[in-house]
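With the sequence shown counted from 1, adding 418 to any position gets you the numbering used here.
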Amino acid sequence: MFFLAAKTLSFVEQPLNIVAILLLTAVIFWRRRPRVAQRTAAAGVLLFFAIGFTAAPRAVLRVLEDTYAPTAVPLDSLAGAIILGGAEDAGVKAIERGQVLFNGAGERLTTATRLLRQYPDYIVVHTGFSGRWDSAGMTESEMARLFFTEQGADLSRLIFEDRARDTYENALFTRALPGVDTSRRWLLVTSATHMPRSMAVFEKLGWQVEPMPVDYQTGRTVRLTEYSISAGAADWRAAIHEIVGFVAYWATGRL
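Below, the structure written as structure tokens:
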């Protein structure tokens, strides 16, 4: 139920959907309530153009991304790394094209490859089934396994958790995997915007984890003059998704 509710809320995380709702409302009320329709249409148009100022969402994203710096703990002292799924563009398309397909978070998997190469004693755990409504086709774990195989990784050093559909389940289901010792410290690898929620969830469930944020969306500075409606919409979606997710997890006792 939590997964279904989260996917329903994802509709309002996209600011252009709000614009569409406002404009549709204006059309519906144009004859019966013209003043309401005019104000609603004006709000929709103003929101549409305001979305293009990328400085605001990127300032929010930068706060999220700067919450956790990469750990200063020597990495060779850790048991291994936990890689959160979500980098894979899983589904039917991957099977139809016969390739490993990434979305914008591909650094999660490339970082895992680097860790396997640099730390011969590491165990790397990939956790994730699918975050889609429709989970048909290749799952995140299946695609990750294919990726590591193509990269020539030693699969005996990899563990794949293939049931989790959200961050809470990543932490919960990975605990039960054979070969995973939660009494030791682990490196947690996920996107920088997602790290605050991930750290809180894993620690809530008794994990000892050190952060390794990747897939940064912002730099150290914010350009006040940059304008792009498509980029602004994507940035606002990412920021709202994490804020809503954090609040929802807090309200349901998941962190």
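Just so it is clear, CB atoms sit at the ideal spot from N, CA and C, and this is done for glycine as well.
- Between A656 and T611, the C-beta gap is smaller than 7 Å, which places the two residues in contact.
- Approximately 6 Å separates the beta-carbon atoms of G503 and H544; this is inside 8 Å, confirming the contact.
- Between A530 and V542 the beta-carbon gap is near 5 Å, inside 8 Å, which marks them as a contact.
- For secondary structure counted as the beta strand (DSSP E) over 3 or more consecutive residues, the region 428-506 holds these complete runs in sequence order: 498-502.
- For the region 513-585, the continuous beta strand (DSSP E) assignments of 3+ residues that do not extend past its boundaries occur at 541-545, 576-579, in sequence order.
- In this structure, DSSP gives T643 a state outside helix and strand, which the three-state scheme calls coil.
- Take W654, set aside five residues on each side of it, and the residues of its chain with a beta-carbon closer than 7 Å to its own are P433, I469, P475, in chain order.
- M561 places its beta carbon less than 7 Å from that of E506.
- Per DSSP, the continuous beta strand (DSSP E) segment holding P631 begins and ends at 626-632.
- Boundaries cannot be given for R672, as no beta strand (DSSP E) includes it and DSSP labels it neither H nor E.
- For G650, the three-state secondary structure derived from DSSP is helix.
- For V607, no alpha helix (DSSP H) segment is defined; the enclosing uninterrupted segment is the beta strand (DSSP E) at 603-609.
- Note that the region 616-628 does not touch the region 440-447; fewer than 3 beta-carbon pairs, one per stretch, sit closer than 8 Å.
- Of the residues S574, F566, S559, the one whose Cα lies closest to the Cα of R581 is S559.
- In the structure shown, G663 falls within a helical segment according to DSSP collapsed to helix, strand and coil.
- Here the alpha carbons of T670 and F664 stand approximately 10 Å from one another.
- Contact between L606 and V627 holds: their C-beta atoms lie close to 4 Å from each other, under 8 Å.
- Rounded to the nearest angstrom, the Cβ distance from T485 to M630 is 13 Å, too far for a contact under 8 Å.
- At a Cβ-Cβ threshold of 7 Å, E514 and H659 do not count as neighbours.
- Between G637 and A589, the alpha-carbon positions lie close to 29 Å from each other.
- Around the Cβ of V481, a 10 Å sphere holds fewer than 16 other Cβ atoms; the residue is exposed.
- Excluding the 5 residues flanking it on each side, A461 has same chain C-beta neighbours closer than 8 Å at L440, in chain order.
- In this structure S548 touches R583 by the C-beta definition: roughly 6 Å separates them, less than 8 Å.
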